[in-house]
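K.L.:
Taken in order, these protein sequences are the chains called R and Y. Each residue of the first sequence is one higher than the one before, starting from 1 at the first, in the working numbering. Each residue of the second sequence is one higher than the one before, starting from 528 at the first, in the working numbering. We treat Cβ as the ideally placed atom computed from N, Cα and C, and that holds for glycine.
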Amino acid sequence: MILAPSRTRALILAAAVAGLFPLLLVVRLAYLQVWSAPDFRLRRERETTEHVELKGTRGLILDRDGIVLAQNVPAGSIFAMTSEVSDPGVVSNNLHEQIGLDRSQVMLRLTSRQGFVWLKRQADESQIAETENLHLKGVYVRHSDKRLYPFAEAASHVLGFVDVDGHGLSGVELFDDAQLHGKDAAVLRYRDSRGGEIPFGRSKRPAPTGGENAHLSISLPVQLAAEKAIEQYSRSVPFQSGKVIVLDADSGQILALAEYPNFDPNKFSKYPDTLLTQNSCVQTLVASQRMFLALLATTELDGGTVDMPDLIPSWRRFSSGSNRELAEILLGRVRRGHSDLHERFTNIFDPDAKSGVELPGEIAGHLDWDRVKPPRGLSLSPIQMAKAMAIMVNGGSKIKPTIFRSERDSSSAQAVRTPQKALLSATSREVRSLLQQVDRVRHNEVGVGGYQIGGIDLTDAHGSMHGDRMSGFVGFAQEDSGDGRIVVFAMIDMANKPKYADAARRIFAVVVNETMRYLESHPIAAR
Amino acid sequence: MLPDRFVHSGWGFNLAELAKEGSILAVIVAVASQLSRDAEATPIELLRVFAVAVLPSLLLLVADLRAACLCLAVSMTILFVADPTGVVLRSLALGLPLSMLPVYFVLFHVGGRRDRVLAFLNPYADPRGVGFHFIQLRIAIGSGGLSGSGYGQGVMKFGWVADPYGTGIFAVSAEEWGFVGCIFVVVVLATMLRRGYVASLRSVDTFGKLLALGITTWIALEIGLNLCPVLGLMPLSVLHPLPLFSYNPTGMIVSLSAMGVVLNVSSTSAIPPVWVARFVDSPQLFAKRIGTLLSLLGEELERSRKFKWVMYGMSIIGFVVKMWEKIGKAHK
């Protein structure tokens, strides 16, 4: 034997390997699994789990007759896990035509350092099918819904639009987003290191709740008629912008709210942000001396401080375009310090409060009583003007303009059932009679027959409104029986072309004709 | 050249792995055989021992650094026990520091190796780079807590822990079985090693004594080279599959064969091991039979004095196969 084995050394070795080494492991394990376990558990959860939102189906938006104005269609989003794409060049060559992107764009995304990249959000069904048929490794499809507005530009400023994640960004889509969106379900998902779902899930999967449908008070035929009226006029007379509001004077329901220029919410990304989010019917203020005088006259009539016979001569001249005589009577009283006039005016027309219409971004009017010379004293939004006209002609009841056909909360419904009186019925009758003077004087221009109509030309004799070259008209129409009473507000920004000052009156006439024709077959009272 | 399907067959058999593991086993047998020969401790004989213990390691060094270190460490351990005078050990101890200098240079002054080697000390310094796998292993083990997340309920095996059924099996088990399960595994492994050393101490012949000691130490080192990196106590560069646990069919065959040899030594020891009689079941009987066959083969080869050529042959095959594998990878 060359060497003799040492029993002592063998024992030392055995003790070290079979005794001390396991002890070292146990100490280390205790540190990791007992002492630091909560911290590591937290890290594991953070790393291997994610909350995935399961979206409920968004509610439809329908007009007052049940015509679908906004709906959902099957779509999907195409994405790539870049780590799984072995040859980005081949994938981008095969895919870019299917998803309608440049090859370089697809290539750029596939070669980015991010593990997950969207290639196309809200792709339509054909694009999804074509992509799936390609069976490209690392390219996946997530099926979802896409919002579709079948009438494209119709009522676009009312409807608004949604983003790619289905959240409302303007109009009713934004204002009523909570009800339309429904309730998403957040699911805890375990994922592997590449982001794929681990086959077993330990979280409950509550089903998402679909959103409620929104039944608007808008009538698609009236809305289209209003938009067509503006559009047709825009072909012969170039103007910057235009707006029309059609309001049921008794219920406050808005039958049409048209705005020019409008946009196609299906392709919202092609329009400037200012156009997409504006709704000048509720977001702009208009200062009209003639409107202020009409409202003051109504307040004075209601207070009994001015008699109807005294008012008629000056109102006739007012109707023919001259403000001077009526202004002297009414503004003289303001200057002489009739303090209760301010209070009564505010109680009836409430210019400093918002109208309450369910559209985002509404601003309130402004009344500066100390600045005695109108029109600078009063500024109202178009919807406030329409509301004021409705109070003047509907028997004196206060109304709240609404874009919805049915009230969404009980407090509003209660308010509708028991309308507050702002004016005496007699005053309203007298004001209606005064307003109809316009019809008699300018019957040819307004051009509506077969109904009682009346209104106020917001533009003065010089074709000017607050110094701007605008054309505006707010008026009412009602059947002889007293049913179907509507208020129509029309305004055109004429871009300083005074010869077209009657543009709003012409649009008013067209819209009233179309609306009254609609109401013959769809009376509001029957609803 | 060997076809690729022969080296990496579809059912998990790996010739390179067999050659590597077999080489280590062969070296153990050879060193034990050499030391137990009835010869005088002349310088020539000592040189032969040195050659048998170190040369295969140097040969393996070119192909597989980890296997070479393992081979050298096992040889040194056998010499540590079998050389009470310390003649061979001292001469090696003098040579080792010198040989460590190039190793130190290669590890700490070439490319980014230094960062990779030292990453286990503070993996959070580069959590997305060299520290990533250390962090994932710690998360897997630590999140198991006291009782684990339940059998089959671990999530870290889904791509977070690298090679979850191979080298990462202990981390996956730790997540699912917790501290209690890990202690059970460690106790089972420690008991197995203890029994190996007991068999060595009780063996009546020197060859069996050194053989059992070498094999047990080899298995212990492989266990250490798995558990220490997984637990963040050593660099991941030395990570080795956990014997008898990891999915490694070739390694499993070699490990079971080696355990069979130890069982054979144990059965021929002065005091029959009680646990063999008590815990014998089919796999162990199978392993024992294989071990007996290998042992008999070893003795036969030793008698015919051709064993060293077989050993060298296996090392050369291992070297060639590993190099061929490396060239193939580089070509890809």
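Hey, quick one: how far does the alpha helix (DSSP H) through residue 156 of chain R stretch, first residue to last?
P.N.:
Element bounds for residue 156 of chain R: 156 to 159.
K.L.:
List, in chain order, every chain R residue whose beta-carbon is nearer than 7 Å to that of residue 604 of chain Y.
P.N.:
Chain R residues near residue 604 of chain Y: 13.
K.L.:
To the nearest angstrom, how far is it from the Cα of residue 107 of chain R to the Cα of residue 134 of chain R?
P.N.:
C-alpha separation (whole angstroms): 17 Å.
K.L.:
Could you pull the DSSP bridge partners for residue 491 of chain R from this structure?
P.N.:
DSSP lists R:243, R:472 as partners of residue 491 of chain R.
K.L.:
DSSP three-state label for residue 362 of chain R, please.
P.N.:
Residue 362 of chain R: coil per DSSP, three-state reduction.
K.L.:
Are the beta-carbon atoms belonging to residue 492 of chain R and residue 242 of chain R less than 7 Å from one another?
P.N.:
Their beta carbons are under 7 Å apart, which means residue 492 of chain R touches residue 242 of chain R by this criterion.
K.L.:
Taking the CB atoms as reference points, tell me whether residue 61 of chain R and residue 214 of chain R lie closer together than 7 Å.
P.N.:
Cβ distance < 7 Å, so residue 61 of chain R and residue 214 of chain R count as in contact.
K.L.:
When the Cα atoms are used, what is the spatial distance from residue 653 of chain Y to residue 659 of chain Y?
P.N.:
The straight-line gap from Cα to Cα measures roughly 7 Å.
K.L.:
Just to confirm before moving on: does the CB-CB distance between residue 400 of chain R and residue 171 of chain R stay below 7 Å?
P.N.:
In this structure, residue 171 of chain R does not lie closer than 7 Å to residue 400 of chain R by Cβ.
K.L.:
State the start and end residues of the unbroken beta strand (DSSP E) segment that holds residue 81 of chain R.
P.N.:
It spans 68 to 81 - the beta strand (DSSP E) in which residue 81 of chain R sits, taken as one unbroken run.
K.L.:
Have a look at residue 434 of chain R and residue 71 of chain R and give me their C-alpha separation to the nearest angstrom.
P.N.:
C-alpha separation (whole angstroms): 45 Å.
K.L.:
Is there a C-beta anywhere in chain R that falls below 7 Å from the one on residue 704 of chain Y?
P.N.:
Not one chain R Cβ lies under 7 Å of residue 704 of chain Y.
K.L.:
On the DSSP bridge list, what partners appear for residue 455 of chain R?
P.N.:
According to DSSP, residue 455 of chain R bridges with R:475.
K.L.:
Establish whether the CB of residue 668 of chain Y and some CB of chain R are separated by less than 7 Å.
P.N.:
It does; some Cβ of chain R falls within 7 Å.
K.L.:
By the criterion of Cβ-Cβ separation under 8 Å, what are the contact partners of residue 744 of chain Y in chain R?
P.N.:
Going along chain R in sequence order, the residues near residue 744 of chain Y (Cβ under 8 Å) are 13, 17.
K.L.:
Taking 8 Å as the limit between beta carbons, can you name the residues of its chain near residue 211 of chain R, skipping five residues before and five after?
P.N.:
Hits under 8 Å: 56, 57, 58, 59, 179, 180, 181, 182.
K.L.:
By alpha-carbon positions, which one of R:75, R:105, R:155 ends up nearest to residue 129 of chain R?
P.N.:
The option with the nearest alpha carbon to residue 129 of chain R is R:75.
K.L.:
Would you say residue 661 of chain Y and residue 650 of chain Y are within 7 Å of each other, going by their C-beta atoms?
P.N.:
For residue 661 of chain Y and residue 650 of chain Y, yes; Cβs fall inside 7 Å.
K.L.:
How close, in whole Å, do the beta carbons of residue 669 of chain Y and residue 36 of chain R come, if the pair is a contact with beta carbons under 8 Å?
P.N.:
So it is a contact: roughly 5 Å between Cβ atoms.
K.L.:
Report yes or no: do three or more beta-carbon pairs, one from the segment 251 to 265 of chain R and one from the segment 321 to 334 of chain R, lie closer than 8 Å?
P.N.:
They do not touch, by the three-pair rule.
K.L.:
For residue 120 of chain R, which of helix, strand or coil comes out of DSSP?
P.N.:
Three-state DSSP puts residue 120 of chain R in a strand.
K.L.:
Over what stretch of residues does the beta strand (DSSP E) that includes residue 259 of chain R continue unbroken?
P.N.:
254 to 260 is the span of the beta strand (DSSP E), which, as asked, contains residue 259 of chain R.
K.L.:
Nearest-angstrom Cα distance between residue 343 of chain R and residue 176 of chain R?
P.N.:
So the alpha carbons of these two residues sit roughly 35 Å apart.
K.L.:
Indicate whether at least one CB of chain R lies closer than 7 Å to the CB of residue 763 of chain Y.
P.N.:
No, residue 763 of chain Y does not count as interfacial toward chain R.
K.L.:
Which term fits residue 309 of chain R, buried or exposed, when burial requires 16 or more other beta carbons within 10 angstroms of its beta carbon?
P.N.:
Result: exposed.
K.L.:
In terms of DSSP beta bridges, what is residue 131 of chain R paired with?
P.N.:
DSSP, once it has assigned bridges, lists no residue as partnering residue 131 of chain R.
K.L.:
In whole angstroms, what separates the C-alpha of residue 364 of chain R from that of residue 424 of chain R?
P.N.:
When rounded, the distance between both Cα atoms is 25 Å.
K.L.:
May I ask you to list, following chain order, the residues of the segment 116 to 146 of chain R that have a beta carbon less than 7 Å from some beta carbon of chain C?
P.N.:
No chain C appears in this structure, whose protein chains are R and Y.
K.L.:
Could you name the residues of chain R that residue 686 of chain Y contacts, counting a contact when the two beta carbons are closer than 7 Å?
P.N.:
Neighbours of residue 686 of chain Y on chain R, chain order: 192, 193, 194.
K.L.:
What span of residues does the alpha helix (DSSP H) with residue 181 of chain R cover, start to end?
P.N.:
That run of the alpha helix (DSSP H) goes 177 to 181.
K.L.:
What did DSSP end up calling residue 421 of chain R once you bin it into helix, strand or coil?
P.N.:
Reduced to three states, the DSSP call for residue 421 of chain R is strand.
K.L.:
7 Å is my cut-off, CB to CB: does residue 40 of chain R come that close to chain Y?
P.N.:
Answer yes: the Cβ-Cβ gap between residue 40 of chain R and chain Y drops below 7 Å somewhere.
K.L.:
Going by DSSP in three states, residue 284 of chain R sits in which element: helix, strand or coil?
P.N.:
Reduced to three states, the DSSP call for residue 284 of chain R is coil.
K.L.:
Look up residue 784 of chain Y in the DSSP assignment and say whether it is helix, strand or coil.
P.N.:
Correct three-state label for residue 784 of chain Y: helix.
K.L.:
Of the choices R:289, R:346, R:369, R:395, whose alpha-carbon is the least far from that of residue 473 of chain R?
P.N.:
The candidate whose alpha carbon is nearest that of residue 473 of chain R is R:289.
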